[in-house]
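Working notes, structure below.
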Amino acid sequence: MQANPKKLYGVIPPMITPFTTSGEVDVKGLEKLLDYLASHVDGLFICGSYGSGPLMSVEERKKVAEIVLERVGGKVPVVVHTGTANTRDAVELSRHAVSIGAVAVSAVAPFYYHHGTDGVVEFYRSILKAVPEGYPVYVYHNPRFSGYEIGMDALRILAKDGIRGIKDATFDIGKFSLYMRELEPQGLDIVLGTESLWLPARSLGAEAYIPGLANAFPELCVRLHREGMEGNWEGCRKTQFLVNRIRDVMYLARSTQLAVYAMLEIRGILKTYPRSPFVPATEEEKGKIASALRALGVLEP
Numbered sequence: 011m012q013a014n015p016k017k018l019y020g021v022i023p024p025m026i027t028p029f030t031t032s033g034e035v036d037v038k039g040l041e042k043l044l045d046y047l048a049s050h051v052d053g054l055f056i057c058g059s060y061g062s063g064p065l066m067s068v069e070e071r072k073k074v075a076e077i078v079l080e081r082v083g084g085k086v087p088v089v090v091h092t093g094t095a096n097t098r099d100a101v102e103l104s105r106h107a108v109s110i111g112a113v114a115v116s117a118v119a120p121f122y123y124h125h126g127t128d129g130v131v132e133f134y135r136s137i138l139k140a141v142p143e144g145y146p147v148y149v150y151h152n153p154r155f156s157g158y159e160i161g162m163d164a165l166r167i168l169a170k171d172g173i174r175g176i177k178d179a180t181f182d183i184g185k186f187s188l189y190m191r192e193l194e195p196q197g198l199d200i201v202l203g204t205e206s207l208w209l210p211a212r213s214l215g216a217e218a219y220i221p222g223l224a225n226a227f228p229e230l231c232v233r234l235h236r237e238g239m240e241g242n243w244e245g246c247r248k249t250q251f252l253v254n255r256i257r258d259v260m261y262l263a264r265s266t267q268l269a270v271y272a273m274l275e276i277r278g279i280l281k282t283y284p285r286s287p288f289v290p291a292t293e294e295e296k297g298k299i300a301s302a303l304r305a306l307g308v309l310e311p
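Each residue of the sequence shown is one higher than the one before, counting from 11 in my numbering.
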């Protein structure tokens with residue numbers, strides 16, 4: 011049960027965006043995936059790394075967000091990723107997210123150029139100024155995709171400026187521990203950005219995580235979360251190992267993002283496609299993934 015309404019809670023998948031073979035947003039596929047996920051999870055994080063946000067135009071991202079909010083209809087909270095390489099588009103997307111009823115926005119640091127503390131702070135301050143006072147804005151810290159680290163100096167400044175929290179996708183449990191120790195006491199909501207470290211993150215006080223695997227195996231990610239929240243450490247440990255073995259399998263598709271598209275098809279949930287320059291998993295790769303999932307006992311023979 012969620013104890014603090016100012017914090018995100020539970021399993022919040024970074025939902026993929028379905029595309030057609032010609033690269034257009036697959037509206038029917040999007041609606042089908044929404045119906046499936048909304049009945050299994052606690053929230054949705056859209057237009058992020060799994061959601062191909064950086065591969066879409068501003069107007070496409072608005073369209074996807076509008077479809078999601080309308081289709082979900084308040085069943086689960088929706089966080090919209092609004093990060094871009096430039097401040098103006100991020101501000102525009104953030105204002106739009108507020109206008110359609112998103113519960114929060116989250117933005118990766120402006121990518122391509124490597125910005126220092128002053129540039130990073132200016133970027134997030136611009137978003138904070140663009141939304142109503144007190145509206146939740148989360149820093150999405152993903153140095154692998156942004157290309158650089160957001161330092162503690164910048165995060166401490168932004169904490170005073172009013173950001174709500176951090177989506178930590180550093181894949182560094184030491185960094186997550188630092189945030190929980192230094193920033194959580196200041197009122198920041200620290201949310202884990204991967205399924206691979208839920209067990210140790212929960213032991214440090216995490217209550218929410220954003221697992222890419224939950225696109226295709228939401229029930230497994232819900233189980234992992236529940237076991238951690240209930241203090242069932244042995245069960246959580248076993249499920250964490252299983253989840254991480256599935257993550258190993260995902261790289262047979264060359265990336266975890268591509269694997270999600272493949273696994274949705276393998277499970278019979280949805281056949282859809284990533285957008286170029288992503289190249290879909292081949293039939294051979296999908297066959298290897300299916301065989302490996304069966305060997306792990308998470309796919310029927």
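Note that CB positions come from ideal geometry on N, CA and C, so glycine has one too.
Discussion item. Taking its Cβ as the centre, do 16 or more other Cβ atoms sit within 10 Å of methionine 11, making it buried, or is it exposed?
Written reply: Residue placement at methionine 11 is flagged as unreliable, the pLDDT there being 48, under the threshold of 50; the coordinate-derived value follows with that caveat. When all chains shown are included, methionine 11 counts as exposed.
Item to complete: State whether the region 49-60 contacts the region 79-91, with contact taken as three or more CB pairs (one from each stretch) at a distance under 8 Å.
Response: yes
Worksheet entry | Whole-angstrom distance between valine 78 and phenylalanine 181, CA atom to CA atom | 28 Å
Practice prompt. Please confirm if the region 256-268 is in contact with the region 207-216, defined as three or more CB-CB distances below 8 Å between the two stretches.
Written response: no
Discussion item. How far does the alpha helix (DSSP H) with serine 213 in it extend, from its first residue to its last?
Written reply: 208-213
Fill in: Residues sharing a beta bridge with proline 24, DSSP
Phe55
Worksheet item: Looking at the unbroken beta strand (DSSP E) that takes in histidine 151, where does it start and where does it end?
Response: 147-151
Worksheet item: What did DSSP end up calling glycine 222 once you bin it into helix, strand or coil?
Response: helix
Discussion item. In whole angstroms, give me the CA-to-CA distance for threonine 249 and arginine 98.
Written reply: 42 Å
Fill in: Per-residue DSSP class, three states only, for aspartate 178
strand
Item to complete: Go to valine 90, then tell me how far its beta strand (DSSP E) extends in each direction, as first and last residue.
Response: 88-91
Worksheet item: Going by the CB atoms, is the gap between valine 147 and isoleucine 173 shorter than 8 Å?
Response: yes
Worksheet item: Count the other CB atoms within 10 Å of the CB of histidine 124; is the residue buried (16 or more) or exposed (fewer)?
Response: exposed
Item to complete: Enumerate, from N- to C-terminal direction, the unbroken alpha helix (DSSP H) stretches of 4 or more residues contained entirely within the region 107-175.
Response: 127-140, 153-156, 162-171
Worksheet item: Which partner residues does isoleucine 200 have in the DSSP bridge list?
Response: Ile176
Practice prompt. Taking arginine 285 as part of the alpha helix (DSSP H), name the residues at either end of that continuous run.
Written response: Here arginine 285 belongs to no alpha helix (DSSP H), and DSSP marks it neither H nor E.
Worksheet item: In chain order, what residues of the same chain have a beta carbon less than 7 Å from the beta carbon of glutamate 237, not counting five sequence neighbours either side?
Response: Gly245, Cys246, Thr249
Worksheet item: Could you check where the alpha helix (DSSP H) with arginine 255 kicks off and where it finishes?
Response: 243-260
Worksheet item: Which residues in the same chain as leucine 306 place their Cβ atom closer than 8 Å to its Cβ, once the five residues preceding and following it in sequence are excluded?
Response: Leu252, Arg255, Ile256, Val259
Practice prompt. Give the C-beta separation of arginine 105 and alanine 75 to the nearest angstrom, bearing in mind that I take them to be a contact with Cβ-Cβ under 8 Å.
Written response: With a Cβ gap of about 12 Å, arginine 105 and alanine 75 do not count as contacting.
Worksheet item: When burial is assigned at 16 or more other CB atoms within 10 Å of the CB, is glycine 20 buried or exposed?
Response: buried
Worksheet item: With 16 as the cutoff for other CB atoms within 10 Å, does glutamate 294 come out buried or exposed?
Response: exposed
Worksheet item: Are proline 23 and alanine 224 touching if we call contact CB-CB under 8 Å?
Response: yes
Worksheet entry | Bridge partner(s) assigned by DSSP for threonine 29 | It should be noted that the sequence gives phenylalanine, not threonine, for residue 29. In DSSP, phenylalanine 29 forms a bridge with Val35, Tyr283.
Worksheet entry | Pair within 8 Å by beta-carbon distance, tyrosine 150 and alanine 179 | yes
Worksheet item: From leucine 309 to asparagine 14, what does the alpha carbon distance come to, in whole angstroms?
Response: 36 Å
Practice prompt. Work out the CA separation of arginine 71 and isoleucine 183 for me, nearest whole Å.
Written response: 31 Å
Discussion item. Mapping the DSSP letters down to three states, classify lysine 185 as helix, strand or coil.
Written reply: helix
Fill in: Pairwise C-alpha distance: lysine 73 and valine 108
14 Å
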